[in-house]
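Chemist: Converting from the sequence shown to the numbering used here requires adding 3 to each position, the first position being numbered 1.
My questions all concern the structure below.
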Amino acid sequence: MRNRLNATIGRTALCVGLLACPGVAFAQAEAEQAGAEEPATNTIVVTGSLIRGTPEDAALPVDVFTADDLRKQGVDSPLEFIKDLPSVGAVLGDSNQFSTDAQGFQGVGSINLRGLGATRTLVLMNGKRTILTPGAGFVDTQLIPLFALERVEILKDGAGSTYGSDAIAGVANFITRSRFTGVELQGDYNFVDGSDGNYSMSALAGFELGDANLVVGAGWQHRSELATTARDYINVGYATNPSAYSALSTPGLVAVSYFDTATGNVDTQVRPDRGCNDLGGFQDGALCRFTYVPFDNLVEDEDRYQVFAQFTAQLSDTVTFQTDALWAKSDLESLNYSPAFPPTQGPNGSGFQSAFTTSPSNPGVSAFLDQVGLPQSSPTNPIVRVTNVLFRPFGYLGNPLDPDRGAGTGGAKNEAWRITGGFDFELGNDLVFEIDGTFWESKREAFAPGIIGSRLQAALNGFGGANCTGTTPGANGCVYFNPFVNAGPGNPTLDISNPFYVPGAENSEDLVRWLQVRNGTVEEEIQVVFDAVLSGPTGVELGGGPLAFAVGAQYRKNDYRTDPINDESNLDINPCFIEGDQSCVGTTTEGVGPFIFLGGFRPARLSQDVYALFAEVNAPVTDRLELAGAIRFEDYGSPIGSTINPKGSIRFEATDWLTLRGSLGTTFRGPLAVNVAPNSVTQLQGFTAAGGNYKSLDVFGNPTDLGPETALTYNAGVIFNVPLGAANMTFSADYWAINLKDRITTTPGDAIASLVANGQTTGNDPVDCSSPLAGLITFSNNVCVQGTTTGLDISRVRTDFVNGPDVDISGLDFALNVDVPFGEAMFSFGGNAVYNLGYEFDDFEVQGIVVQESYDAVGFGNYFRDPNTVPEWRANGYANLNWDMLNVRYSVTHIDGVFDDRCINRDPCFQTSQGPTDFGIESGSYTQHDIAVTLQLDLAGAEVELQGAIENFTDAEPAEAQLPLGYNPFIGNAIGRNYRIGLRTRF
Numbered sequence: 004m005r006n007r008l009n010a011t012i013g014r015t016a017l018c019v020g021l022l023a024c025p026g027v028a029f030a031q032a033e034a035e036q037a038g039a040e041e042p043a044t045n046t047i048v049v050t051g052s053l054i055r056g057t058p059e060d061a062a063l064p065v066d067v068f069t070a071d072d073l074r075k076q077g078v079d080s081p082l083e084f085i086k087d088l089p090s091v092g093a094v095l096g097d098s099n100q101f102s103t104d105a106q107g108f109q110g111v112g113s114i115n116l117r118g119l120g121a122t123r124t125l126v127l128m129n130g131k132r133t134i135l136t137p138g139a140g141f142v143d144t145q146l147i148p149l150f151a152l153e154r155v156e157i158l159k160d161g162a163g164s165t166y167g168s169d170a171i172a173g174v175a176n177f178i179t180r181s182r183f184t185g186v187e188l189q190g191d192y193n194f195v196d197g198s199d200g201n202y203s204m205s206a207l208a209g210f211e212l213g214d215a216n217l218v219v220g221a222g223w224q225h226r227s228e229l230a231t232t233a234r235d236y237i238n239v240g241y242a243t244n245p246s247a248y249s250a251l252s253t254p255g256l257v258a259v260s261y262f263d264t265a266t267g268n269v270d271t272q273v274r275p276d277r278g279c280n281d282l283g284g285f286q287d288g289a290l291c292r293f294t295y296v297p298f299d300n301l302v303e304d305e306d307r308y309q310v311f312a313q314f315t316a317q318l319s320d321t322v323t324f325q326t327d328a329l330w331a332k333s334d335l336e337s338l339n340y341s342p343a344f345p346p347t348q349g350p351n352g353s354g355f356q357s358a359f360t361t362s363p364s365n366p367g368v369s370a371f372l373d374q375v376g377l378p379q380s381s382p383t384n385p386i387v388r389v390t391n392v393l394f395r396p397f398g399y400l401g402n403p404l405d406p407d408r409g410a411g412t413g414g415a416k417n418e419a420w421r422i423t424g425g426f427d428f429e430l431g432n433d434l435v436f437e438i439d440g441t442f443w444e445s446k447r448e449a450f451a452p453g454i455i456g457s458r459l460q461a462a463l464n465g466f467g468g469a470n471c472t473g474t475t476p477g478a479n480g481c482v483y484f485n486p487f488v489n490a491g492p493g494n495p496t497l498d499i500s501n502p503f504y505v506p507g508a509e510n511s512e513d514l515v516r517w518l519q520v521r522n523g524t525v526e527e528e529i530q531v532v533f534d535a536v537l538s539g540p541t542g543v544e545l546g547g548g549p550l551a552f553a554v555g556a557q558y559r560k561n562d563y564r565t566d567p568i569n570d571e572s573n574l575d576i577n578p579c580f581i582e583g584d585q586s587c588v589g590t591t592t593e594g595v596g597p598f599i600f601l602g603g604f605r606p607a608r609l610s611q612d613v614y615a616l617f618a619e620v621n622a623p624v625t626d627r628l629e630l631a632g633a634i635r636f637e638d639y640g641s642p643i644g645s646t647i648n649p650k651g652s653i654r655f656e657a658t659d660w661l662t663l664r665g666s667l668g669t670t671f672r673g674p675l676a677v678n679v680a681p682n683s684v685t686q687l688q689g690f691t692a693a694g695g696n697y698k699s700l701d702v703f704g705n706p707t708d709l710g711p712e713t714a715l716t717y718n719a720g721v722i723f724n725v726p727l728g729a730a731n732m733t734f735s736a737d738y739w740a741i742n743l744k745d746r747i748t749t750t751p752g753d754a755i756a757s758l759v760a761n762g763q764t765t766g767n768d769p770v771d772c773s774s775p776l777a778g779l780i781t782f783s784n785n786v787c788v789q790g791t792t793t794g795l796d797i798s799r800v801r802t803d804f805v806n807g808p809d810v811d812i813s814g815l816d817f818a819l820n821v822d823v824p825f826g827e828a829m830f831s832f833g834g835n836a837v838y839n840l841g842y843e844f845d846d847f848e849v850q851g852i853v854v855q856e857s858y859d860a861v862g863f864g865n866y867f868r869d870p871n872t873v874p875e876w877r878a879n880g881y882a883n884l885n886w887d888m889l890n891v892r893y894s895v896t897h898i899d900g901v902f903d904d905r906c907i908n909r910d911p912c913f914q915t916s917q918g919p920t921d922f923g924i925e926s927g928s929y930t931q932h933d934i935a936v937t938l939q940l941d942l943a944g945a946e947v948e949l950q951g952a953i954e955n956f957t958d959a960e961p962a963e964a965q966l967p968l969g970y971n972p973f974i975g976n977a978i979g980r981n982y983r984i985g986l987r988t989r990f
């Protein structure tokens, strides 16, 4: 019902643009064209310098994208804009629960300049720090009010000397419209095959109040669920893409033990339950290969809301006051997961094989025996034990709590608010003193559905249910859990009937709710920032103008808290395999928690204070030569310490059409409070050594010796601005490099597991129990037996935050813009491209052992190692025709193909019982073509803009990858061809 209501509301979003408010005059100036189209040379760029009036073609490489340009491209979300930037690496925003980098961040967006990680890109809003995802150290870009933006400025250079920590790769500054007057209404609808479509609406109003201006606005965006089953290239079969399959399923593998009263012997018969192929699985000998992917989504059902206000007032001839406030919220109330996660542990300890047993009196046993051809229990041959050898609750029958899809259901909610304000005092002689304060608070609640092992075992024995009392199974409110295929009518997500279904054998919804509970956290982070900056001319005149300076100070305080969402998830209450048990405290198994797959959490309260002093100088030595320098001192206190980082830059206008620029500096990033906390979190990872099966990855903080990371960054570039008759061409090329030292990272869990498991990929071979790193791995039954324990027996892997190996990266940036006038029309074309020259990691040592040899990540998928996918080339291009009221824009985005690094010197790389498969080893390139059209009309005194776009009009499929979804969601796009129509009204 909710989806139908949202779809109805969404289709009315276009009508918003038709509303009219007579008597209000529109007075918003047209935004300049930017982005790939080079802005005018007198653009004032505020990002990258604290000295006002920096031109865009200064020494630092800043790209400017205006709201007008984004609208002409058909961009309707921050994620769409960010993913199109060639300088950006893997980013969050699309559903990607199968990657540890994305787990826990559903509904969160990020920006990742140079692929160095989102925590190394500083994101600002109106030049000030803005809302972080709690505890994660990076800004949730989905909260940005796109409807209120004037422009976005991207500084692709280290800026720690100016802005402090986090700006190693660069800065993204989202700047709002502070002098807007009038009313603007926008509505659009995005038609996506297989879903109810995406839609948004927004309103912005600006008022001149004497010497003051007030801007207020609100926006709503909805993304509809897009199931993985809506794209046939996602589910390609076990023999092609085994990474999407598990050996644990319903139907499972069962051992039935009979006691022969005549001989006193126990006879155990092992049988696969029936119906694997019938329900959409793959019967692989005795194993039923289960794919969880059809139960998941490519796009989750999501609603985002923003309310924004900005007030600017000229209090006197010398004093200006400005403040802005933002409230934002993201709701994902129904996240699809596997019907149930597989067991990596049970109430008796770690391990997935034979982790549970079923009482012979369980009503499901009788039907199972008949269906697999085994005798019923009898007085002379009684069944004494039924063991679930390979088993996952629900499996292909789906979760009874979701009759439509059969998925397990989780959720995530993000809510935040931010207020910033300050005064500018003109002190005379063009000196300006700025004092500002920023406060924001961000709260996130996220959970996944987890089954408690001791409850499941109790229910298999007839003691399940919240109202169970007494000692008689199946009585006094106690119920059985049926683990067999006869428990359900079919596979709901694939709409397949179950020929082995026995009516009346179902598991009740009440029982499922008792077994499967929320597993997650409620996190909250607050930041307070105070800035004071004095800037202006020194009074010294140079050949090109006054010597200018800026000096200032900053104080930042972060307070972070996290709490388990319930007692079941709380490791202080439930640290052991069995719910309520405390006997494991002080042992090696403390902290495993009671869930069969998911980990637990501990409450934490963390705080961090940072103090900074900084200075900057700009020296226009001549009309053609400009030098600049900056330095910053930042103190994190104990145990992290302090750091000093300088930077210098140069701009030389060699001729009227040729400009040279360059910069050199150091920058840094301090550890987050959660990085140095004596705590751990559990993630899920498909380990190569376990045949790609998902196991628990425990990530521990480092409160003893984790220090800041530092980087040497440098950039050298040329800018050509050449008139070609009536036309004009602007071309720039920049070489950039970042040498990152003492990188803050976690020890590589996949590499540790592979080292101990002798480099295997199948999971079937023995591991090396004598390895010095075997202690970092928990195996089945909490023991490693040489020659017996295999890669599949890996249950958990421990990783820790450390200062890891150094990284050297470098590349080339290119940008081209050509404007050609044709009478009253203007034709423009150009593009941006990044060529990655190198992304070289040193050896990664753990306890003095090299677990990951040095490598160059360029041209590889890097799916289970840093920094995720790095193609050689990423580029976009455009051709734009603007004629009177009409604008037509063609855009193209290209991402080079990559090679799966797991397959280096390994042939065959991936193999199943059906033979080798080369799916995704060579991930082909991806090229997307879009076209967007806008038409300006003047209707009854209102400016009306009609908008239309076809994105991916060739319906290109994402590049293949040997990953559960069959592609890499961090950079790929599985939506396919889609259509967008919009309407904007301004008056």
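We put the beta carbon where it would ideally sit given N, CA and C, even for glycine.
#1: When burial is assigned at 16 or more other CB atoms within 10 Å of the CB, is V322 buried or exposed?
#2: Give the straight-line distance between the Cα atoms of S205 and N976, rounded to the nearest whole angstrom.
#3: Name the two residues that bound the continuous alpha helix (DSSP H) containing Y166.
#4: Closest to L393 by CA distance: which of D796, E593, I978, N865 is it?
#5: Output the distance between the C-alpha atoms of W886 and T326, rounded to the nearest integer angstrom.
#6: Considering only residues of the same chain and omitting the five flanking positions on each side of F311, which have a CB-CB separation below 6 Å?
#7: For T253, which option in R877, N731, N402, T122 has the closest C-alpha, if you only look at C-alpha atoms?
#8: For the alpha helix (DSSP H) holding W517, just list the boundary residues, first then last.
#9: Who pairs with Y982 in a beta bridge, going by DSSP?
#10: Tell me which residues share the same chain as F734 and place their Cβ nearer than 6 Å to its Cβ, disregarding the 5 neighbours each side in the sequence.
#11: Using DSSP with H/G/I as helix, E/B as strand and the rest coil, what is E83?
#12: Can you tell me the Cα-Cα spacing of G985 and H225, whole angstroms?
#13: For D626, count neighbouring Cβ atoms within 10 angstroms of its own Cβ and tell me buried if that reaches 16, exposed if not.
#14: Using a threshold of 9 Å, state whether the C-beta atoms of F973 and T872 are closer than that.
#15: Within its chain, find whatever has a CB closer than 6 Å to the CB of P911; leave out the 5 residues flanking it on each side and keep chain order.
#16: Express the C-alpha separation of L335 and V155 in angstroms, rounding to a whole number.
#17: According to the neighbour-count rule (16 or more other Cβ atoms, all chains shown, within 10 Å of its Cβ), is D169 buried or exposed?
#18: In whole angstroms, what is the alpha-carbon distance linking R980 and T232?
#19: Whose C-alpha, out of T412, T475, T360, is nearest the C-alpha of G456?
#20: Assuming contact is defined by CB atoms lying nearer than 9 Å, are V525 and D570 in contact in what I supplied?
#21: With a threshold of 8 Å, are at least 3 pairs of Cβ atoms found where one atom belongs to the region 443 to 457 and the other to the region 404 to 419?
#22: What residues in its chain sit with their C-beta under 6 Å from that of A719, if we drop five residues either side in the sequence?
#23: At which residues does the beta strand (DSSP E) containing D327 begin and terminate?
#24: Output needed for G163: all residues of its chain with C-beta closer than 6 Å, excluding positions within five of it in sequence on either side, in chain order.
#25: I need the straight-line Cα distance from R277 to V111, nearest angstrom please.
#26: With a Cβ-Cβ cutoff of 9 Å, do T749 and T802 count as a contact?
#27: Do you know offhand how far A828's Cα is from G694's?
#28: Which one or two residues does DSSP pair with A230 in a beta bridge?
#29: Going straight from the alpha carbon of A34 to that of P706, what length do you get?
#30: Which residue's Cα is closest to the Cα of T475: A462, N485, F487?
#31: Could you name the residues of the same chain whose beta carbon sits closer than 6 Å to that of E41, not counting the 5 residues immediately before and after it, in chain order?
#32: Following the continuous beta strand (DSSP E) through R654, name the residue where it begins and the one where it ends.
#33: Who are the Cβ neighbours of F1025 in its own chain at under 6 Å, not counting the five residues just before and after it?
#34: Which value, in whole angstroms, describes the spacing of the CA atoms of F782 and V800?
#35: Would you mind working out which of E528, L318, D768, G267 sits nearest A756, comparing C-alpha positions?
#36: Given D439, which residues of its chain have a CB within under 6 Å of its CB, disregarding the five upstream and five downstream residues?
Modeler: Inspection of the coordinates gives the following:
#1: With fewer than 16 other Cβ atoms within 10 Å, it is exposed.
#2: If you draw a straight line from the Cα of S205 to the Cα of N976, it comes to about 26 Å.
#3: 163 to 166
#4: Just measuring C-alpha positions, the residue of D796, E593, I978, N865 sitting nearest L393 is D796.
#5: 38 Å
#6: Excluding residues within five positions, the ones whose Cβ falls inside 6 Å are P148, A151, G220, L329.
#7: By alpha-carbon distance to T253, the top candidate from R877, N731, N402, T122 is N402.
#8: 512 to 518
#9: F194, I953
#10: F723, L819
#11: Helix.
#12: Between G985 and H225, the C-alpha separation is close to 14 Å.
#13: exposed
#14: Going by C-beta atoms, F973 is nearer than 9 Å to T872.
#15: P919
#16: 27 Å
#17: buried
#18: 16 Å
#19: T360
#20: no
#21: Yes: the two stretches touch, three or more of their Cβ pairs being nearer than 8 Å.
#22: If you ignore the 5 residues before and after A719, its C-beta comes within less than 6 Å of the C-beta of G665, Y738, all in its own chain and listed in chain order.
#23: 322 to 340
#24: A170, N648, T670, F671
#25: Approximately 41 Å between the Cα atoms of the pair.
#26: yes
#27: 59 Å
#28: N300
#29: Model confidence at A34 stands at a pLDDT of 28, short of 50, so the residue's coordinates are unreliable; what they give is reported in the following sentence. The straight-line gap from Cα to Cα measures roughly 49 Å.
#30: A462
#31: Bear in mind that the predicted position of E41 carries a pLDDT of just 35, short of 50, making it unreliable; the figure below should be weighed with that in mind. Around E41: T733, N820.
#32: 645 to 656
#33: Shown here, the chain extends from 4 to 990; a query on residue 1025 therefore has no answer.
#34: 9 Å
#35: D768
#36: Excluding positions up to five away in sequence, the list reads G425, D534.
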